[in-house]
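**Student:** Provided herewith is a single structure, encoded as structure tokens, for subsequent inquiry.
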């Protein structure tokens, strides 16, 4: 799809990261480093929750920035820079998941080291944790992080991506739709179901962060 | 407002509406209607509260703890290596293309020389060539038949009569 000059100009004026990317297009190495510094943690965070492996997430983040650099000469601002960047992130993550599924080397949906007695399904683990066998106590930060992470991993891939973009990138439905190549209505339904699923998964912990 | 026919499940419809409300994706009118219903409907308000609190719990998700400088450095190194490999591949491709082009030109020249040779041979061996060369004799065959003396005809040939030319000696 061609991008009109006025659209490109509008995004150039609105988005400082678009301006940086245009400098990258003109082979400004410092601008590229600046863009990486601005986005690398965000990209790694999203990828880590998508592929559930930290090392892999960093490798994929590097691939994302490599793709950004390689496509610099053909870059035309047709959206916010973050929308364009996370479209690449989504593609890279999808390819990685397909590759992992083919090789069956890694259980994509399980990031936390599983002990022998723990169920493999994140939803089951959450349910087991909240089964009432332990006395009520306040969750510490890492426990809460782990539980929420498992809840996120219990979402399907699309729901997870939409949640991460909405929650951490604060993207609008329109931007998420563009990033994921879906309609705005589909994103609306996707996020609604994701919120409902998260609520179900986290129900035992909703009362002030305590283990029931 | 969400179309109830398209979303027969009332709970799904309610969740979609509340999610869009929490995500600030409703129009002013829709927002106003939701807020009115929130004030009147305890279940509606309770559901909003649950969805919102579950969403807020996502703040507990661990963020990537990254060595920024190292990440930038290694990524730039990767890009540099990839770029130099691309340049090498480009150079190799360029050399291959140049070699193929030179070989093509050489083959073309050989083919042209060969065609020229064949054409020349063909022209030289044409059956009417003898007729063309003997045209003065053919034109005068009636007169020449009347001459009995071969030596005389030989002398005429040497004089260039049959080629339409005269020898230098004459």
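Residue numbers (this note's numbering), protein chains in the order written: chain A, 1 to 212; chain B, 213 to 382. Cβ coordinates follow ideal geometry from the N, Cα and C atoms, glycine included.
For residue 262(B), return the contacting residues in chain A, with the cut-off set at a CB-CB distance below 7 Å.
**Tutor:** By one-based count along the second chain, residue 262(B) stands at place 50. Going along chain A in sequence order, the residues near residue 262(B) (Cβ under 7 Å) are 199 and 206.
**Student:** Output the residue ranges of the beta strand (DSSP E) runs that lie fully inside the region 37–106 of chain A and measure 3 residues or longer, sorted by chain position.
**Tutor:** DSSP runs (the beta strand (DSSP E)) wholly in the region 37–106 of chain A: none.
**Student:** From the DSSP output, in three-state form, read off residue 273(B) for me.
**Tutor:** Numbered from its first residue, the second chain carries residue 273(B) at position 61. Looking at residue 273(B) - three-state DSSP - the assignment turns out to be coil, as it is neither helix nor strand.
**Student:** Would you say residue 222(B) lies against chain A (beta-carbon separation less than 8 Å)?
**Tutor:** Numbered from 1 along the second chain, position 10 holds the residue referred to as residue 222(B). Taking Cβ atoms only, chain A never reaches closer than 8 Å to residue 222(B), which makes this a no.
**Student:** Touching or not, the region 171–188 of chain A and the region 66–73 of chain A, by the rule of three or more beta carbon pairs under 8 Å?
**Tutor:** no
**Student:** Report the start-end ranges of each alpha helix (DSSP H) in the region 300–332 of chain B that is 4 residues or longer and not cut off at the edges.
**Tutor:** none
**Student:** How would you write the range of the alpha helix (DSSP H) that residue 149(A) sits in, first residue to last?
**Tutor:** As a position in the first chain, residue 149(A) is number 149, starting the count at 1. Taken as a continuous stretch (DSSP letters only), the alpha helix (DSSP H) holding residue 149(A) covers 141–153.
**Student:** At what residues does the alpha helix (DSSP H) containing residue 350(B) begin and finish?
**Tutor:** Position 138 of the second chain, counted from the start, is the residue given in the question as residue 350(B). Run containing residue 350(B): 347–351, per the alpha helix (DSSP H) assignment.
**Student:** At a Cβ cut of 8 Å, what residues of the region 260–294 of chain B count as close to chain A, listed as they run along the chain?
**Tutor:** 262, 263, 265, 266, 267, 269, 270, 272, 273, 274, 275, 276, 278, 280, 283, 284, 286, 287, 288, 290, 291 and 294
**Student:** Just to confirm the assignment, what range does the alpha helix (DSSP H) spanning residue 364(B) have?
**Tutor:** Numbered from its first residue, the second chain carries residue 364(B) at position 152. Membership of residue 364(B) in the alpha helix (DSSP H) is indicated by the continuous run 362–370.
**Student:** Check the C-beta distance from residue 49(A) over to residue 273(B) and give it rounded, since I have them as a contact under 8 Å.
**Tutor:** By 1-based counting over the first chain, the position of residue 49(A) is 49. By 1-based counting over the second chain, the position of residue 273(B) is 61. Contact holds; Cβ gap of about 7 Å.
**Student:** Please tell me whether residue 62(A) has its Cβ less than 8 Å away from any Cβ of chain B.
**Tutor:** Residue numbering aside, residue 62(A) sits at position 62 when the first chain is read from its first letter. Yes - at least one Cβ of chain B is within 8 Å of the one on residue 62(A).
**Student:** Note down, in chain order, all residues in the region 229–256 of chain B with a beta-carbon under 7 Å from any beta-carbon belonging to chain A.
**Tutor:** 231, 232, 235 and 237
**Student:** Check whether the region 227–237 of chain B and the region 292–306 of chain B touch, using three or more Cβ-Cβ pairs below 8 Å as the test.
**Tutor:** no
**Student:** Just the Cα atoms here: how many angstroms apart are residue 330(B) and residue 352(B)?
**Tutor:** In the second chain, residue 330(B) corresponds to position 118, counting from 1. In the second chain, residue 352(B) corresponds to position 140, counting from 1. So the two alpha carbons sit approximately 34 Å from each other.
**Student:** Is there a C-beta anywhere in chain B that falls below 8 Å from the one on residue 202(A)?
**Tutor:** Against the first chain, residue 202(A) aligns to sequence position 202. At least one chain B Cβ lies under 8 Å of residue 202(A).
**Student:** Hey, does residue 167(A) have any beta-carbon neighbour from chain B nearer than 8 Å?
**Tutor:** Within the first chain, residue 167(A) is the residue found at index 167, counting from 1. Yes - at least one Cβ of chain B is within 8 Å of the one on residue 167(A).
**Student:** Is residue 179(A) close to chain B? Criterion is C-beta to C-beta, closer than 8 Å.
**Tutor:** The residue you call residue 179(A) lines up with position 179 of the first chain. No, residue 179(A) does not count as interfacial toward chain B.
**Student:** Given 8 Å as the limit, is there contact between the region 87–97 of chain A and the region 29–37 of chain A, that is, 3 or more CB pairs closer than that?
**Tutor:** Counting Cβ pairs under 8 Å, fewer than three are found: no touch.
**Student:** Can you name the residues of chain D whose CB is closer than 7 Å to the CB of residue 189(A)?
**Tutor:** Among the protein chains of the structure shown, namely A and B, there is no chain D.
**Student:** Just reading off the alpha helix (DSSP H) that residue 170(A) is part of, what are its end residues?
**Tutor:** Within the first chain, numbered from 1, the residue matching residue 170(A) stands at position 170. Run containing residue 170(A): none; DSSP gives neither H nor E here.
**Student:** Might you give, ordered along the chain, the residues of its own chain that have their beta carbon closer than 6 Å to the beta carbon of residue 318(B), omitting 5 neighbours on each side?
**Tutor:** By one-based count along the second chain, residue 318(B) stands at place 106. Closer than 6 Å at Cβ, skipping near neighbours: no residue.
**Student:** Quick one, which of 202(A), 166(A), 190(A) and 195(A) has its alpha-carbon nearest residue 42(A)'s?
**Tutor:** Mapped onto the first chain, residue 42(A) falls at position 42. Residue 166(A) is the option with its Cα nearest to residue 42(A).
**Student:** Beta-carbon of residue 183(A) versus every beta-carbon of chain B: anything under 8 Å?
**Tutor:** The count along the first chain starts at 1 and reaches residue 183(A) at position 183. It does not: the Cβ of residue 183(A) has no partner Cβ on chain B nearer than 8 Å.
**Student:** How would you list, in chain order, the residues of chain B whose beta-carbon sits under 9 Å from the beta-carbon of residue 155(A)?
**Tutor:** Position 155 of the first chain holds residue 155(A). Simply none; closest approach about 11 Å.
**Student:** Would you check if there are 3 or more beta carbon pairs closer than 8 Å linking the region 45–64 of chain A to the region 275–284 of chain B?
**Tutor:** yes
**Student:** Write down the C-beta distance between residue 51(A) and residue 93(A) rounded to the nearest angstrom, noting that I regard them as a contact closer than 8 Å.
**Tutor:** Here residue 51(A) refers to the residue found at position 51 of the first chain. Here residue 93(A) refers to the residue found at position 93 of the first chain. Sure, about 6 Å apart at Cβ, within 8 Å.
**Student:** What separation, rounded to the nearest whole angstrom, lies between the Cα atoms of residue 249(B) and residue 258(B)?
**Tutor:** Locating residue 249(B) in the second chain gives position 37, where the first residue counts as 1. Locating residue 258(B) in the second chain gives position 46, where the first residue counts as 1. Taking the straight line from one Cα to the other gives about 12 Å.
**Student:** What residue range is occupied by the uninterrupted alpha helix (DSSP H) comprising residue 237(B)?
**Tutor:** For the purposes of this step, residue 237(B) is identified with residue 25 of the second chain, where counting begins at 1. Here residue 237(B) belongs to no alpha helix (DSSP H), and DSSP marks it neither H nor E.
**Student:** Does DSSP classify residue 245(B) as helix, strand or coil?
**Tutor:** Indexing the second chain from 1 puts residue 245(B) at position 33. Residue state, collapsed to three classes: helix.
**Student:** According to DSSP, is residue 359(B) part of a helix, a strand, or is it coil?
**Tutor:** If you number the second chain from 1, residue 359(B) lands on position 147. Three-state result, residue 359(B): coil.
**Student:** When you compare only the Cα positions, how much space is there between residue 322(B) and residue 370(B)?
**Tutor:** The residue labelled residue 322(B) in the question sits at position 110 within the second chain. The residue labelled residue 370(B) in the question sits at position 158 within the second chain. Going by the C-alpha atoms only, they are around 42 Å apart.
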